[in-house]
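First comes the structure, then the notes that go with it.
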Amino acid sequence: MFSSGIHFPVRRTYLRSGEHRAGGMGLIFQDKKKRLINHGSKARGHVSSSLVAEGLAIRHALDHAISIGIPILHVASDSQQIVTAITMGIRISEIYGIFEDIAYLSSLFIDVKSSQF
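Residue numbers (full-length UniProt numbering): 1 to 117.
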């Protein structure tokens, strides 16, 4: 077994231009020695805020980690609001459905830790 870290701020982006809103999310899986295990990215249209973009990035990363068989995970984010919500179990109405997905996906791991960097 190995532990992996996911780091979002490297590629998570929220763009707002008039009526067009988009989110880009990237993920990097590293072992404890910071060696690259896997990486990926995904673009998404119609993203209403940076908080939603961060939630979608975390949900995408958890789903991807499950698909490649990572059993233990450390999720790192630069969003204090979402890290606090995840670690304290606080439901934020703006991302309620996304948060429920994150909670469910997290339950499929042996261990998941969240922190801010």
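Here a beta-carbon is modelled for each residue, glycine too, at the ideal position from N, C-alpha and C.
| query | On the three-pair Cβ rule with 8 Å, is the stretch 19-39 touching the stretch 51-68? | reply | yes
| request: Would you decide whether L62 is buried or exposed? Buried here means 16 or more other CB atoms lie within 10 Å of its CB. | output: buried
| request: Report the option in S115, I110 and I86 whose CA atom is closest to the CA atom of I102. | output: I86
| said: In whole angstroms, give me the CA-to-CA distance for I72 and I110. | reply: 6 Å
| query | Using DSSP with H/G/I as helix, E/B as strand and the rest coil, what is D63? | reply | helix
| request: Quick one: residues in its chain with C-beta nearer than 8 Å to the C-beta of S107, no 5 flanking neighbours on either side, listed in chain order? | output: none
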